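Chemist: Take this structure, written in structure tokens, and hold onto it; I'll ask about it next.
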Amino acid sequence: MADNSGLIRNLVVRAEDARLMRDYASMRRWHQDLHALNTELINNYKIRSNNHEELMTCLKQVNQIIQRAGRLRVGRPKTQVINFCRAAIKNNDITSLIKVISTGDP
1 MADNSGLIRN LVVRAEDARL MRDYASMRRW HQDLHALNTE LINNYKIRSN
51 NHEELMTCLK QVNQIIQRAG RLRVGRPKTQ VINFCRAAIK NNDITSLIKV
101 ISTGDP
């Protein structure tokens, strides 16, 4: 992002210099480059935004599954299931997470 902001600043300065020198062909070229960079930045933002939204949706679903697994139990077993699920997620251990949800044991 820092590289892009420096490039944007450079393109704007070059376009403004070309305008002041009445070199409209160069000014147009710098503005076209600036427009292309802006389009690229917007597309990259949209991709990141969509990925973030998809991640949030998946995390909500995982959280709901864990809550449902906890609701099947009462008291200490409920707390243990939730803690085991958190530990499995923290360790990125999907098989353990599935086992904890289905059986309640780590």
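Each residue of the sequence shown is one higher than the one before, counting from 1 in UniProt numbering. Glycine included, C-beta positions come from ideal geometry on N, C-alpha and C. Only a predicted model underlies this, so the values are computations on that prediction, with no experimental measurement involved.
#1: Does G70 pass the burial test, meaning 16 or more other C-beta atoms within 10 Å, or should it be called exposed?
#2: Locate the alpha helix (DSSP H) running through M21, then write down its first and last residues.
#3: Which residues in the same chain as D33 place their Cβ atom closer than 8 Å to its Cβ, once the five residues preceding and following it in sequence are excluded?
#4: If contact is defined by three or more beta carbon pairs under 8 Å, each pair taking one atom from either stretch, is the stretch 61–80 in contact with the stretch 25–44?
#5: Put V81 into one of helix, strand or coil per three-state DSSP.
#6: Exposed or buried, A15, counting other C-beta atoms within 10 Å across all chains shown (16 or more means buried)?
#7: For residue 121, which residues in the same chain have their Cβ closer than 8 Å to its Cβ, ignoring the five residues on either side in sequence?
Modeler: Here's the rundown:
#1: buried
#2: Element bounds for M21: n/a, residue is neither H nor E.
#3: L11
#4: no
#5: helix
#6: buried
#7: Examination of residue 121 is not possible in this model, given that the chain is present from 1 through 106 alone.
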